[in-house]
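Only one structure is covered here, and it is reproduced in the block below.
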Amino acid sequence: MSPRLDYYTASPGAMRAMIGLEALTSRLTIEPGLLHLIKIRASQLNGCAFCTDMHSVEARRQGETERRLYAVAVWRDSGFFTARERAALAWTEAVTLLAESQVPDDVYAQARACFSEEELVDLTLAISTINSWNRLAVSFRQSPGG
Numbered sequence: 001m002s003p004r005l006d007y008y009t010a011s012p013g014a015m016r017a018m019i020g021l022e023a024l025t026s027r028l029t030i031e032p033g034l035l036h037l038i039k040i041r042a043s044q045l046n047g048c049a050f051c052t053d054m055h056s057v058e059a060r061r062q063g064e065t066e067r068r069l070y071a072v073a074v075w076r077d078s079g080f081f082t083a084r085e086r087a088a089l090a091w092t093e094a095v096t097l098l099a100e101s102q103v104p105d106d107v108y109a110q111a112r113a114c115f116s117e118e119e120l121v122d123l124t125l126a127i128s129t130i131n132s133w134n135r136l137a138v139s140f141r142q143s144p145g146g
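As structure tokens, then:
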């Protein structure tokens, strides 16, 4: 697939805002390793090869194991994730697939058992941000680098 346009050049002001939002998410209450897991899972669900690749590489750089990265797509069937990570991944799927899921009460209860109110808002903002990045990258056909 060929890129359709360079969204950074096409709308620099909008992209500055997105970069600011991304910078904010990295300063919130969610630990960096967990942020990578939710970014990878949302990107997988959205079919965003660019973001899936980028966040997998970054997670490895920060010490995440290959085995756990391979298992993100099948996290429910693996024993590699903590209760907090599992709650975050379930929340990520429900928020990313909002139209289908309507974020069920049981997923909310699981998330609230593992996250404070502030953390849950921060997690939701991080999920919303990666979903926005996915929509840019997929819509304008941004491909992973070599």
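Take 1 as the starting number for the sequence shown in the UniProt record's numbering and just add one per residue. Just so it is clear, CB atoms sit at the ideal spot from N, CA and C, and this is done for glycine as well. In this text, all values refer to a predicted model and were calculated from it rather than measured experimentally.
Residue closest to residue i, alpha-carbon to alpha-carbon, out of the options
i: T96; options: G47, Q142, E22, T25; result: G47
i: E93; options: F81, L125, R41; result: R41
i: D122; options: G145, L34, P3; result: L34
i: D105; options: A99, T9, W91; result: W91
i: E31; options: V74, P12, Q62; result: Q62
Close-in-space but distant-in-sequence residues of the same chain around residue i (CB under 7 Å, 5 per side omitted)
i: A83; result: C114
i: C51; result: K39, S43, I130, W133, N134, A137
i: Y7; result: M15, L136, F140
i: T124; result: V95
Environment of residue i [buried if 16+ CB atoms lie within 10 Å]
i: E66; result: exposed
i: Q102; result: exposed
i: E118; result: exposed
i: C126; result: The sequence shown places Ala at residue 126, not Cys. Burial call: buried.
i: L98; result: exposed
i: E85; result: buried
i: E64; result: buried
Same chain, Cβ closer than 6 Å to residue i, five either side skipped, listed in chain order
i: L21; result: T129
i: A87; result: Q110, A111, C114
i: R141; result: M1, P3, R4
i: residue 155; result: Only positions 1 to 146 of the chain appear in the structure, and residue 155 is not among them; the question remains open.
i: G13; result: none
Neighbourhood of residue i by C-beta distance below 8 Å, restricted to the same chain and skipping five residues each side
i: V72; result: L37, I40, R41, Q44, L89
i: L69; result: I40, S56, A59, R60
- Message: Taking 8 Å as the cut-off, does the stretch 8 to 19 touch the stretch 108 to 117 (at least 3 CB pairs, one atom from each stretch)?
- Response: no
- Message: Would you call the stretch 25 to 33 in contact with the stretch 70 to 82, where contact means no fewer than 3 C-beta pairs closer than 8 Å?
- Response: At 8 Å Cβ cutoff, the stretches do not touch.
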